[in-house]
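First up is the structure itself, then whatever we jot down about it.
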C-alpha cells in the first residue's frame with residue numbers, strides 16, 4: 041500500500057557533500073583556514089573551473105548523485121556569472137586591534153599562550169577545539185616557525201605559496217602525493233582534496249568514482 045522510502049546510500053551522500061562543497065566554494069569563495077588570500081583565490085577559481093568544464097570526472101560524480109553533468113554545468117555557469125568575482129568574495133579583511141585579553145594561569149602557574157588570527161585571540165587549546173586540531177600539533181608548528189595561517193590550517197593542505205608542501209597520502213602500504221595518486225587512479229586532484237575536506241579516510245578519498 042505504501043511505497044518504501046529508498047535506503048540511505050552513504051556513498052551517494054558522500055558525493056552529494058563533495059559536490060555541494062565545490063558549489064559553495066565556487067559561489068561564496070573558499071573560507072578562511074585554508075591558506076592565505078592568494079591560495080584561497082586559486083582554490084575558488086579551481087572550483088569554478090571544475091563545475092563549468094565538461095570532464096569525465098565531473099560526469100561520473102554527477103551520475104553518482106543522479107544529476108546530468110551538462111545541466112549542472114549550464115546552471116553553474118549562470119550562477120557563477122551572477123556571483124561576485126573571487127577577489128570580491130575573498131576581500132582583504134580590515135585590520136582589527138583587539139584589546140589585550142587576560143587569561144588565568146594553568147595548573148603549572150603559567151599563562152597559556154595566546155594566538156591572534158583574523159582579529160580573534162584564543163589560547164592554543166581554544167584554537168585546537170575550534171579547528172579540531174590536536175594542541176600538540178599547533179605547538180609543534182609554532183616551534184617549527186610556521187606562519188599563523190599554517191599553524192591553524194586544519195590539515196596543512198593549503199598554505200602560503202612560498203611554504204606550501206604537497207599532501208601525502210598512505211594507502212595499502214604506499215605513500216604518494218595527491219598529484220601522484222590522481223595520475224595513477226585517474227581521479228582529479230580536486231576530487232581527492234574535497235573528499236579529504238569532508239573527513240574521508242585515505243581509502244575513501246582514493247576510491248574510483250566509477
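Numbering (the numbering used here), first residue to last: 41 to 250.
We put the beta carbon where it would ideally sit given N, CA and C, even for glycine.
Beta-bridge partners of residue i, as assigned by DSSP
i, result
"residue 208", "217"
"residue 160", "157"
For residue i, the nearest candidate out of the options (CA to CA)
i, options, result
"residue 179", "190, 187, 233 and 164", "164"
"residue 215", "234, 127, 240 and 246", "246"
"residue 91", "236, 106 and 110", "110"
"residue 208", "127, 225, 118 and 242", "242"
"residue 226", "57, 58, 96 and 82", "96"
"residue 171", "56, 192 and 55", "192"
"residue 115", "131, 93, 127 and 130", "93"
"residue 79", "177, 113, 189 and 54", "189"
"residue 129", "176, 168 and 81", "81"
"residue 83", "240, 236, 230 and 239", "230"
"residue 118", "63, 176 and 185", "63"
"residue 77", "113, 112, 127 and 151", "127"
"residue 222", "248, 131 and 177", "248"
Boundaries (first-last residue) of the alpha helix (DSSP H) holding residue i
i, result
"residue 184", "Careful: residue 184 lies outside any alpha helix (DSSP H) and carries neither H nor E."
"residue 232", "229 to 237"
"residue 119", "109 to 122"
"residue 241", "Neither: residue 241 is in no alpha helix (DSSP H) and is coded neither H nor E."
"residue 172", "Taken as a continuous stretch (DSSP letters only), residue 172 belongs to no alpha helix (DSSP H), as it is neither H nor E."
"residue 192", "Where residue 192 is concerned, there is no enclosing alpha helix (DSSP H), given that its DSSP letter is neither H nor E."
"residue 79", "77 to 92"
"residue 101", "96 to 104"
"residue 126", "126 to 129"
Nearest-angstrom Cβ-Cβ length linking residue i and residue j, presumed shorter than 8 Å
i, j, result
"residue 183", "residue 105", "Rounded, the Cβ-Cβ distance is 43 Å, inconsistent with contact."
"residue 234", "residue 107", "No, residue 234 and residue 107 are not in contact; Cβ-Cβ is about 16 Å, not under 8 Å."
"residue 240", "residue 59", "Between residue 59 and residue 240 the Cβ distance is about 14 Å, and since that is not below 8 Å, they are no contact."
Contact with chain D by residue i, beta-carbon distance below 7 Å
i, result
"residue 182", "Among the chains of the structure shown, chain D does not appear; only one protein chain is present."
Exercise. Touching or not, the stretch 87 to 101 and the stretch 58 to 69, by the rule of three or more beta carbon pairs under 8 Å?
Worked result: Contact between the stretch 87 to 101 and the stretch 58 to 69 is present, because at least three Cβ pairs lie under 8 Å.
Worksheet item: Does the stretch 120 to 131 come close enough to the stretch 100 to 107 that 3 or more CB-CB pairs lie under 8 Å?
Response: The stretch 100 to 107 is not in contact with the stretch 120 to 131.
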